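Our numbering applies: residue 34 is where the sequence shown begins, and numbers increase by one. Quick reminder that beta carbons are idealized off the backbone N, C-alpha and C, glycines included. On a predicted model such as this, the values are computed, not experimentally measured, just so you know. Data first, discussion second: the structure below is written as structure tokens.
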Amino acid sequence: MAAAERGASRPTGDNRTSRRRRPPPLTPSAHFRLRGARDCFRGMGEFKVHRVRFFNYIPVGIRCVAYNHESNRLAVSRTDGTVEIYNLAANSFQEKFFPGHEGRSTEALCWAKGQRLFSAGLNGDIIEYDLEELCVKYSVDGFGGPIWSIAADPSGSYLAIGCEDGSVKLFQVTPDKIQLERTLERQKGRVLSLSWHPSGTHIAAGSIDYVAVLDVKSGSTTQKMLMGKRHPGSHRRRCIVWGVAFLSDGTVVSADSAGMVQFWDSETGTLMQTHPLSSSDVLSIAVSEKEDSMVVGTAEGTIFHFQLIPSRSDGKQSQWVRTKPFQHHTHDVRSVAHSPTALISGGVDAHLVIRPLMEKVEVKNYDSALRKITFPHRRLISSAKKMQLLLFQFPQCLELWRLGATDAAGKNEDILPLSRNAEHLLQLKKKGPENIGCSCISSCGSWIAYSTASRFYLYRMNYENNSVNIKRVSKVPKFLGSAIQILFSTDSTKLFVASNQGSLHVIHLLDGTLKHLHTFHPHSGTVEAVSLLAVSPDGNWLAAAGMSTGVNIYDLKHLKPHCTVPAYNFPVTALAIAPDTNNLVIAHADQQIFEFSIPQKQYTDWSRKVQKHGLHYHWLERDTPITHITFHPKRPTHILLHDTYMFCIIDKSMPLPDDKTPLFNQLSLREASKNVRRRHAHAFKISKKFQPLIFMDLLDEDTLVAVERPLEDIIAQLPPPIKRKKFGT
């Protein structure tokens, strides 16, 4: 297991640039690898591992980001219209998700009063998102053609939008909707960027070749700063103002296509300071709430940090100084944000980068490490264990694959020859313009279900003579149309559908038809959407997790609510119900793990032991969430789980490690004596061999499937970045 455990002494997740290891060299798209348990998972026997690399998932590029100071949450929109919400206080967990739409181009995002989220795009509509029901609340025409920018005033009571026709329009934010109030003086050329003065009296509007300052009360233009004459040779090409920031002292900061960041006096229109940053465009700009720090992003993938530094010893005068450049992206940085303690950026390479400012971080722990989020924190793959099938979810389609097979035997780490290659059985394209939000395949492989934002689809599968016949179930109840989560029972006789209003529908599956059995309604006064589902192997219990209401457990035998697991401060990232014991295992965004006995309606003794003893600090410092949990059918004390950079088996029968014991100790114990191994062995058996690990599941007691997505494969399919001249070339 030397290869599997190489670098295992590193304590934290590998999505931090400072700790990133080079991904393993490319191997065949799918093969069997025989894994010896005695080297890593003692007492587990041996696994045959399907190492799958044909999941051709390409993360969608980030178009814009918006930070909410009140809730410490980050909204991220992608180029396909997808919108994601990250809870920065909960280990930057992606807690909410709005699927994209072919007709929705999200060019700008902003938060308004009452933590309300709005977006605007080139289709000319303004959209508000329902953060409880996880759906589009409504859309309003902006009446100015394509919308390039949107910004809320400091009070959050008004929205300003910058339109293709050169107009800046004001919308009032009412309790239920928004309504057009008036249009400010029309500008020449599209309005690409907007920023309100902190007093709410003026707006800076960036366009082509100039920045205009508009008086909100009168609607007139009070000042116009021309950009074209400020750059040598600029008469040959126009200067696009991609970003503006309006400061309290009246300074307007502009970021433009000439690679400049410039500081202007909004009253006189004079240029006060110029910073040439790049030979390519400066695309985005964001200022901290205290206006003492600023971040900009360029088309070269570089992030520049500016700080307001006193220029006199008495502190009465200050000057903006460029302090730090960072190169965390390979392509254009389309948008940046500034939280109180971190610089946030995203762009074409689809990485969401959160870089803490060390001078703002009080405690130098894992919160002070850089985070690079590449893969979604939601499930994109489901397995039909009995048929050895994998269902891959893409925004536009589903793909069904049959895993390969081998008849050979071998030693630990041997790559076994395939007697049957992996086979692509089916591609199921979505219907309509909405992207796929969730999907699932039944354990027997006979049913496939998926849902968009407004429609639910169910298909019956038949396998004959190495061919697949698929038939859509036409009579689907309309109340299934807003599905957020889908899950089949282990015996494939029931389907569980969670709606965006918190309801849980139980459907009985017959040959090619379905029958509605029951609907569990949310508690009175709550409409929060369900984020995760888990069903017990015996089919008697169903667990449903929301974002803040804890985990509700339902009795499927009697079709009634059973109990509720107490709410926890951090959202649930994964959950599963163990066979035989019906213990519910829950993983949270802060890396805590709980085990709850469903029959006894209380936490188990092992769970109380974990909380009393405490988890290893290296385990708690991991920065990628647990996304899947399963159990070994023959080993009731074993819990199998994984995140993007780690696969772990927790043996509840073994002692918990303390902070003095190495958590990643399998490599060091491999050559040790039996007495040493016995003395240092503990409950956590961890392997970092498979990276990045998108999905892992136990197909049977001897076989694992691991789906990886090497970063080199993703980068190879991105458009070429801007070429930067290097010294000596």
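Between the options, which has its C-alpha nearest residue i's C-alpha?
i	options	result
Thr670	Ile682, Asp676, Arg223	Ile682
Phe87	Phe204, Glu446, Gly178, Ala455	Ala455
Trp7	Thr363, Ala716, Leu575	Nothing about residue 7 can be read from this structure; the chain reaches only from 34 to 762.
Cys477	Ile448, Ala567, Leu424	Leu424
Asn602	Lys590, Ser581, Leu737, Cys596	Ser581
Asp461	Trp353, Pro450, Ile474	Rather than Asp, the amino acid found at residue 461 in this sequence is Leu. It is Ile474.
Gly114	Ser226, Asp746, Leu547, Ile159	Ile159
Pro32	Val224, Gly222, Gln148	Given a span of 34 to 762 for the chain in the structure shown, any question on residue 32 remains unanswerable.
Ile194	Leu164, Trp229, Lys667, Val169	Trp229
Val169	Ser152, His384, Ala578, Lys685	Ser152
Asp325	Leu316, Val315, His338	His338
Cys430	Cys471, Lys444, Asp242, Ala438	Cys471
Ile377	Gly177, His621, Ser321	Ser321
Leu575	Val539, Leu689, Thr546	Val539
Pro3	Ile211, Glu161, Ser232	Nothing can be reported for residue 3, as the shown portion of the chain is limited to 34 through 762.
Gly133	Pro466, Gln220, Lys357	Pro466
His554	His713, Asp298, Ser532	Ser532
Thr112	Pro632, Met391, Leu674, Gly380	Gly380
Just to confirm, is the Cβ distance from residue i to residue j under 9 angstroms?
i	j	result
Phe359	Thr374	no
Ile626	Ile659	yes
Tyr496	Ile481	no
Thr255	Val244	no
His83	Ala739	yes
Arg412	Gln421	no
Pro179	Glu135	no
Tyr330	Ile342	Per the sequence presented here, residue 330 reads as Gly, with Tyr not at that position. Not a contact, by the Cβ cut-off of 9 angstroms.
Asn573	Lys590	yes
Ala99	Ala370	yes
Leu459	Ile503	yes
Leu617	Phe629	yes
Glu218	Val206	no
Ala607	Ile662	yes
Ile672	Phe664	yes
His595	Lys634	yes
Pro409	Glu117	yes
Rounded C-beta distance between residue i and residue j? I'm assuming under 8 angstroms.
i	j	result
Arg711	Pro725	That pair is no contact at about 34 angstroms.
Val605	Ile619	6 angstroms
Gly175	Gly189	With a Cβ gap of about 19 angstroms, Gly175 and Gly189 do not count as contacting.
Lys257	Thr234	Contact doesn't hold; Cβ gap of about 17 angstroms is too wide.
Thr552	Leu537	7 angstroms
Ser182	Ser226	5 angstroms
Ala562	Glu214	Incorrect: roughly 32 angstroms between the Cβ atoms, too far for contact.
Leu696	Ile719	7 angstroms
Ser507	Met494	Not really, about 16 angstroms apart at Cβ, beyond 8 angstroms.
Take the Cβ of residue i as the centre, count every other Cβ of all protein chains shown within 10 Å, and call the residue buried at 16 or more, exposed below.
i	result
Ala332	buried
Asn468	buried
Thr485	buried
Arg388	buried
Asp440	exposed
Gln624	buried
Gln426	buried
His646	exposed
Ala442	exposed
Ala600	exposed
Lys527	buried
Thr301	exposed
His556	exposed
Pro752	exposed
Thr597	exposed
Gly239	buried
Thr303	exposed
His9	With the chain running from 34 to 762 in the structure shown, residue 9 is simply not present.
Tyr650	exposed
Arg137	buried
Arg270	exposed
His549	exposed
Gly535	buried
Pairs of beta-carbons, one from the segment 415 to 423 and one from the segment 124 to 136, closer than 8 angstroms: are there three or more?
no
| message | If contact is defined by three or more beta carbon pairs under 8 angstroms, each pair taking one atom from either stretch, is the segment 140 to 151 in contact with the segment 92 to 110? | response | yes
Using 8 angstroms as the threshold, is the segment 271 to 278 in touch with the segment 288 to 308, meaning 3 or more CB pairs across them? yes
Counting pairs of Cβ atoms below 8 angstroms between the segment 728 to 747 and the segment 302 to 313, do you hit three or more?
-> no
*the segment 357 to 372 touching the segment 90 to 100, judged by at least three CB pairs closer than 8 angstroms*: yes
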